[in-house]
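J.:
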Amino acid sequence: MLSFETRAGAIFDALSTVSRAVASRDLIPALTGVHVDGRGGDISLTATDLELGLRTNLSVKLSSEGEALLPARPLAELLRRIPPAENVEFKILDGSTAIRFGKSRFDLPTYAVKDFPKLSFEPEGKAVTLPVSQFREAIGRVVYASAQREDSLPVLLGVKLALREDGSLECCASDNFRLAWGRIHTQTKRENEDVVVRSRALSELMRLLGDDEIKMCVGERQVTFTADRVQAFCSLVEGTFPDHTKLVRDSYQTNVRFAVEDLLVACERASLVADPKSPQVTIKAGAEGMSMSSGSPEAGSSIEEIQAEVEGEDLEITFNPRFLADSLKYFGYPKAEFGFNGPTSAARLKPLDGDDALSLVLPIRRM
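Printed below as a string of structure tokens:
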């Protein structure tokens with residue numbers, strides 16, 4: 000039997016942390032549960048969907064040690080409706096959980112503990128210490144570019160994390176229509192190593208982290224992360240990730256320097272009158288500067304001039320407005336340069352100052 004007492008708000012917060020890893024579908028019922036293990040005055044709460052695993056600890060008044068597998072969502076919905084300062088007592092025995100608070104009692108079923116997978120959060124290999132704020136920023140700059148359809152190549156559903164000998168960590172994502180790359184610098188030097196993890200798992204992890212440091216270790220089957228209040232693992236995705244360096248040219252026929260926010264808001268406005276069945280925005284660049292246009296018989300039309308410096312050949316190129324807007328929205332630098340090699344080649348977006356970010360966007364071929 001597992002028996003403990005704690006405040007409703009404390010266990011709700013801990014449950015909310017690990018519930019991001021609870022499976023959304025009940026193909027394997029045990030994966031919709033949260034594993035609770037009580038030892039030595041603390042309980043640990045663990046959840047996984049086999050791609051992401053999360054664990055956190057909570058100090059409680061532990062009366063009897065043991066473990067149990069509780070239904071995560073029903074438990075969370077109940078705790079959400081109990082005053083946070085209320086003391087809650089759990090007694091778990093013989094497939095049932097008795098939850099008492101005030102003059103109330105609720106009974107919830109439990110799953111068989113043996114059906115919950117055996118998980119390891121132990122780091123493998125040399126740990127790399129990352130500033131959370133920089134890591135979150137680097138992931139945020141690239142994760143939008145990963146594939147969203149489950150029938151995509153598995154490797155395109157992920158983000159490539161590349162550790163480099165100079166201590167840097169590179170992050171890259173692509174859905175074959177666009178690519179985003181970013182880099183942060185750490186104090187830990189180690190051999191080169193590339194792995195791919197699911198973008199959804201990384202996105203959920205980023206939402207949980209504070210603003211201090213996180214330790215990352217790459218193992219044979221997973222990457223483990225350790226922070227102050229949470230342990231996590233992300234399973235590795237098999238496959239060869241596209242090499243973005245082969246897609247970047249040494250020089251471009253047309254180079255346009257501009258303020259990112261100016262082009263972003265122009266793109267968002269132009270998309271309002273784009274054809275909903277086949278949305279397009281067109282950029283023209285030449286000696287007179289840069290403009291953006293769009294339109295459809297049903298919605299109307301627009302043309303807008305954007306302040307920019309243009310060098311090289313005149314250009315007219317067409318993009319999907321969502322792909323272009325995403326590249327600008329998540330870029331993270333106030334000023335940038337677009338490099339174009341004609342209307343059918345991928346456009347390269349890079350910061351005016353610095354070399355720690357890069358985006359590639361494929362244009363639409365106009366018939």
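Residue numbering for the sequence shown follows numbering that gives the first Met the number 0, beginning at 0 and increasing consecutively. Beta carbons are placed, not taken as given, at the ideal position from N, Cα and C, and that holds for glycine.
Going by DSSP, which residues form a beta bridge with Glu-212?
T.: For the purposes of this step, residue 212 is identified with residue 213 of the sequence shown, where counting begins at 1. BP columns for Glu-212 point to Pro-130.
J.: Buried or exposed for Gly-238, please, with buried defined as at least 16 other CB atoms from any protein chain shown within 10 angstroms of its CB.
T.: Taking the first residue of the sequence shown as position 1, residue 238 is located at position 239. Looking at its Cβ environment, which holds fewer than 16 other Cβ atoms inside 10 Å, Gly-238 is exposed.
J.: Mind checking Gly-338: buried by the 16 CB within 10 Å criterion, or exposed?
T.: Counting from 1 along the sequence shown, the entry for residue 338 is found at position 339. Answer is buried; the Cβ neighbour count reaches 16.
J.: Identify, in the order they occur along the chain, each residue of the same chain with its Cβ nearer than 8 Å to the Cβ of Phe-120, setting aside the five sequence neighbours on each side.
T.: Start at 1 with the first residue of the sequence shown, and residue 120 comes out as number 121. Correct list, in chain order: Gly-52, Arg-54, Thr-223, Thr-225, Gln-230, Ala-231, Phe-232.
J.: Out of Tyr-332, Gln-252, Arg-189, state which residue places its alpha-carbon closest to the alpha-carbon of Pro-342.
T.: The residue labelled residue 342 in the question sits at position 343 within the sequence shown. Closest option to Pro-342, Cα to Cα, is Gln-252.
J.: Is it the case that the Cβ atoms of Val-127 and Thr-187 are separated by a distance below 8 Å?
T.: Locating residue 127 in the sequence shown gives position 128, where the first residue counts as 1. Locating residue 187 in the sequence shown gives position 188, where the first residue counts as 1. Against a cut-off of 8 Å, the Cβ pair of Thr-187 and Val-127 comes out as a contact.
J.: Can you grab the Cα-Cα spacing for the pair Ala-111 / Leu-68, in whole Å?
T.: In the sequence shown, counting from the first residue as 1, residue 111 sits at position 112. In the sequence shown, counting from the first residue as 1, residue 68 sits at position 69. Their Cα atoms are separated by approximately 7 Å.
J.: What does a CB cutoff of less than 6 Å around Ala-161 pick up in its chain, not counting 5 residues either side in sequence?
T.: The count along the sequence shown starts at 1 and reaches residue 161 at position 162. Glu-169, Asp-193, listed in sequence order.
J.: Under 8 Å between the Cβ atoms of Asn-86 and Glu-4?
T.: Within the sequence shown, numbered from 1, the residue matching residue 86 stands at position 87. Within the sequence shown, numbered from 1, the residue matching residue 4 stands at position 5. Closer than 8 Å, so yes.
J.: Just the C-alpha distance for Glu-190 and Leu-208, rounded to the nearest angstrom, thanks.
T.: Taking the sequence shown and counting its residues from 1, the one referred to as residue 190 is at position 191. Taking the sequence shown and counting its residues from 1, the one referred to as residue 208 is at position 209. Their backbone Cα atoms lie some 26 Å apart in a straight line.
J.: For the candidate residues Ile-10, Asp-355, Ser-23, Leu-49, whose alpha-carbon lies nearest to that of Pro-116?
T.: Within the sequence shown, the letter at position 117 stands for residue 116. Out of Ile-10, Asp-355, Ser-23, Leu-49, Leu-49 has the C-alpha closest to the C-alpha of Pro-116.
J.: Taking only three categories from DSSP, how would you classify Gly-218?
T.: Here residue 218 refers to the residue found at position 219 when the sequence shown is read from its first residue. Gly-218: coil per DSSP, three-state reduction.
J.: Which residues bound the alpha helix (DSSP H) around Phe-322?
T.: What you label residue 322 is simply residue 323 of the sequence shown in a count that begins at 1. Segment 320–328, the alpha helix (DSSP H) holding Phe-322.
J.: What residue does the beta strand (DSSP E) around Phe-257 start on, and which one ends it?
T.: Counting from one through the sequence shown, the residue named residue 257 turns up at place 258. That run of the beta strand (DSSP E) goes 253–258.
J.: Could you name the residues of the same chain whose beta carbon sits closer than 6 Å to that of Ala-146, not counting the 5 residues immediately before and after it, in chain order?
T.: In the sequence shown, counting from the first residue as 1, residue 146 sits at position 147. For Ala-146, where only same-chain residues beyond five positions count, the Cβ hits under 6 Å are Leu-155, Leu-156, Asp-174.
J.: Starting from the C-beta of Arg-19, find all residues in its chain whose C-beta is less than 6 Å away, skip the five residues before and the five after it, and write them out in chain order.
T.: Within the sequence shown, numbered from 1, the residue matching residue 19 stands at position 20. So the qualifying residues of the chain are Glu-203.
J.: For Tyr-332, name the three-state secondary structure that DSSP assigns.
T.: By one-based count along the sequence shown, residue 332 stands at place 333. Of the three classes helix, strand and coil, the one that applies to Tyr-332 here is coil, per DSSP.
J.: State yes or no: is the C-beta of Ser-15 within less than 8 Å of the C-beta of Ala-84?
T.: Translated into positions along the sequence shown, residue 15 becomes position 16. Translated into positions along the sequence shown, residue 84 becomes position 85. Contact: no.
J.: Helix, strand or coil for Glu-308 per DSSP?
T.: By one-based count along the sequence shown, residue 308 stands at place 309. Strand, per DSSP.
J.: Pair every Cβ in the region 312–329 with every Cβ in the region 254–264, then say whether three or more of these pairs are closer than 8 Å.
T.: Flag = yes, the region 312–329 and the region 254–264 touch.
J.: Using the DSSP secondary-structure output, state which residues sit across from Ile-316 in a beta bridge.
T.: Here residue 316 corresponds to residue number 317 of the sequence shown, with the count starting at 1. DSSP lists Ile-282 as partners of Ile-316.
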